[in-house]
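In terms of the UniProt record's numbering, the first sequence opens at residue 1 and continues consecutively.
Note sheet for the following structure.
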Amino acid sequence: MGRSPCCEKAHTNKGAWTKEEDQRLVAYIKAHGEGCWRSLPKAAGLLRCGKSCRLRWINYLRPDLKRGNFTEEEDDLIIKLHQILGNKWSQIAGRLPGRTDNEIKNYWNTHIKRKLLARGIDPKTHRPLSVTAAAAAAPSSRPEDQPAARSSCSPETSGACCHNSDDDSVSAPHHGGIDLNLAISPPRDPPSPSPLPTATQEAEATSSATVEETTPTRKS
DNA sequence: AATAGATCCAACCGCCGACTT
DNA sequence: AAAGTCGGCGGTTGGATCTAT
Numbered sequence: 001m002g003r004s005p006c007c008e009k010a011h012t013n014k015g016a017w018t019k020e021e022d023q024r025l026v027a028y029i030k031a032h033g034e035g036c037w038r039s040l041p042k043a044a045g046l047l048r049c050g051k052s053c054r055l056r057w058i059n060y061l062r063p064d065l066k067r068g069n070f071t072e073e074e075d076d077l078i079i080k081l082h083q084i085l086g087n088k089w090s091q092i093a094g095r096l097p098g099r100t101d102n103e104i105k106n107y108w109n110t111h112i113k114r115k116l117l118a119r120g121i122d123p124k125t126h127r128p129l130s131v132t133a134a135a136a137a138a139p140s141s142r143p144e145d146q147p148a149a150r151s152s153c154s155p156e157t158s159g160a161c162c163h164n165s166d167d168d169s170v171s172a173p174h175h176g177g178i179d180l181n182l183a184i185s186p187p188r189d190p191p192s193p194s195p196l197p198t199a200t201q202e203a204e205a206t207s208s209a210t211v212e213e214t215t216p217t218r219k220s
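Structure representation (structure tokens):
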């Protein structure tokens, strides 16, 4: 089905946000809360599309954002979660207080990928590069070793084929010899009275614990 | 000091699922 | 049931900044 554009592109600003725009957006959300993004720009006096406002708020202006360098614990947690969830950045972000999906995605692409490669680990499969290379060079007859098969059930797409929509839990994959029995809990709700564990606690818990997921998989 | 290449990251784009009409 | 709207997501891009030569 067709879709109308999310906004009148001809009458919206694009590119970097100015301080004034930021202030308007923050002031509006403080006064009215996060609501209808489509109508927000007009109501807040911004010449931006609603999507752009939402992104700016979520990725940059939200007061609970942590900003700053990622810790070793966060690194490890991201790697572990990526191993299970693949590129489900929003779900990964949901388990890292103060971090956004965009931030984690960028961090993954710029730092962690390289870090894993330096360790000889394929950032896509979380398997040793030698294994991955060998599998690519000489695909075995085992379906799980076939690149195509892996791609259909790799962390990249685990949300699709490894995700059990019946109970919303993720079965424990055994990537790179690591045995993680994880199911993912719903994304954290910052103002929640029962805050989630810190990244450090998470990392510790993750190694052995089961976390439950209720977040529906978006795309498959 | 100049500049070419590499890196980083904020923002945009297009698609999808959920919800409404 | 079909069409339309909206919020949200992941992938990608482009410009700013950093580093090496």
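Ideal placement from N, C-alpha and C gives every residue a C-beta, glycine not left out.
Because the structure is a prediction, the values reported are computed rather than measured.
Under the three-state DSSP convention, the category residue i falls into
i	result
P97	coil
P41	helix
D145	With a pLDDT of only 36 at D145, under 50, the local geometry of the prediction cannot be trusted, and the value read off the model is given with reservation. D145 falls in the helix class under three-state DSSP.
Sequence-distant residues of its chain with Cβ nearer than 7 Å to residue i (five each side left out)
i	result
C53	L25, W37, L40, P41, L46
F70	Y107
T110	none
8 Å contact criterion, which residue i and residue j should meet: CB distance rounded
i	j	result
I112	D64	With 8 Å as the limit, I112 and D64 do not qualify as a contact, their Cβ atoms being about 23 Å apart.
T18	R48	In fact, because the Cβ distance is near 11 Å, the residues do not count as touching under 8 Å.
A93	I104	5 Å
L96	L77	7 Å
L61	D22	6 Å
G98	K66	3 Å
8 Å CB neighbourhood of residue i in its chain, flanking five on each side removed
i	result
residue 244	Because the chain here runs from 1 to 220, residue 244 falls outside it and cannot be looked at.
P128	G120, I121, D122, G176
A118	none
Same chain, Cβ closer than 6 Å to residue i, neighbours up to 5 away in sequence not counted
i	result
N59	T100, N102
K14	none
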